[in-house]
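Each remark here refers to the structure printed beneath this line.
Residue numbers (my numbering): 63 to 249.
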């Protein structure tokens with residue numbers, strides 16, 4: 063199978079069944095295209111209008127519920143996080159499941175041309191030329207931004223090399239409340 067388009071920005075994730083899911087930015091039309099690949103078969107799952115800003119980079123993320131998110135980094139630093147359409151056949155029958163849903167806007171470095179997400183850590187890493195590598199939390203309901211490596215000569219290749227050398231950090235557990243029942247008789 064073939065999908066005819068010219069793409070400069072894309073990312074992919076391996077699904078539980080071993081197939082691949084990719085998000086492509088059509089450089090000619092500006093659309094975003096969600097593609098599923100199993101073996102030698104390609105299937106376009108969804109196509110929608112791209113963002114209203116100049117897209118510098120995009121990164122996919124699978125959260126703890128196995129939902130797929132996209133981070134779209136703008137050249138001016140006003141970036142967005144989207145929940146992508148469901149990838150299983152049952153959910154794909156629903157109309158709401160075929161369109162991406164915006165989750166939040168986030169401030170990222172202007173002109174950042176590379177990003178990576180480590181799903182197990184729940185962190186989006188963004189390389190800011192002249193500054194270093196920033197880490198952002200992927201949870202849309204929590205705000206987190208940390209400069210993890212001050213490095214003026216950072217770019218996409220240095221980001222990849224730094225991540226390859228850095229061991230995975232366990233995602234911080236959310237606090238839980240345990241209900242306790244009264245065991246003694248009240249007199």
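Where a beta carbon is used, it is the ideal one built from N, C-alpha and C, also for glycine.
{"Item": "Whole-number beta carbon distance between residue 91 and residue 83, since they are thought to touch under 8 Å", "Value": "That belief does not hold up - the Cβ atoms of residue 83 and residue 91 are roughly 21 Å apart, past 8 Å."}
{"Item": "Where residue 218 sits in the DSSP three-state scheme", "Value": "helix"}
{"Item": "DSSP state of residue 67 mapped onto helix, strand, coil", "Value": "coil"}
{"Item": "The beta strand (DSSP E) enclosing residue 109, as first and last residue numbers", "Value": "103 to 110"}
{"Item": "Beta-carbon gap between residue 177 and residue 133 smaller than 8 Å", "Value": "yes"}
{"Item": "Nearest-angstrom beta carbon gap, residue 93 and residue 112 [assumed within contact, 8 Å]", "Value": "6 Å"}
{"Item": "Given 8 Å, three or more beta-carbon pairs between the stretch 209 to 228 and the stretch 179 to 194", "Value": "yes"}
{"Item": "C-beta contact flag for residue 198 and residue 186 at 8 Å", "Value": "yes"}
{"Item": "Residues near residue 202 in its chain [Cβ-Cβ closer than 7 Å; skip 5 each side]", "Value": "143, 165 and 166"}
{"Item": "Local conformation of residue 226 per DSSP, three classes", "Value": "helix"}
{"Item": "Neighbourhood of residue 118 by C-beta, 7 Å cutoff - its chain only, sequence neighbours within 5 removed", "Value": "135, 136, 137, 173, 174 and 175"}
{"Item": "Closest residue to residue 72 among 64, 66 and 95 (Cα-Cα distance)", "Value": "95"}
{"Item": "CB of residue 200 within 8 Å of CB of residue 87, strictly", "Value": "no"}
{"Item": "Residue 110 versus residue 100: straight-line alpha-carbon distance, rounded", "Value": "22 Å"}
{"Item": "Backbone CA spacing between residue 107 and residue 232 [nearest angstrom]", "Value": "32 Å"}
{"Item": "Three-way DSSP call (helix, strand, coil) for residue 76 in this model", "Value": "strand"}
{"Item": "Reduced DSSP category for residue 213 - H, G, I as helix; E, B as strand; rest coil", "Value": "coil"}
{"Item": "Sequence ranges, beta strand (DSSP E) only - wholly within the stretch 108 to 132, length at least 3", "Value": "117 to 124"}
{"Item": "Residue 98 to residue 129 span [Cα, whole Å]", "Value": "15 Å"}
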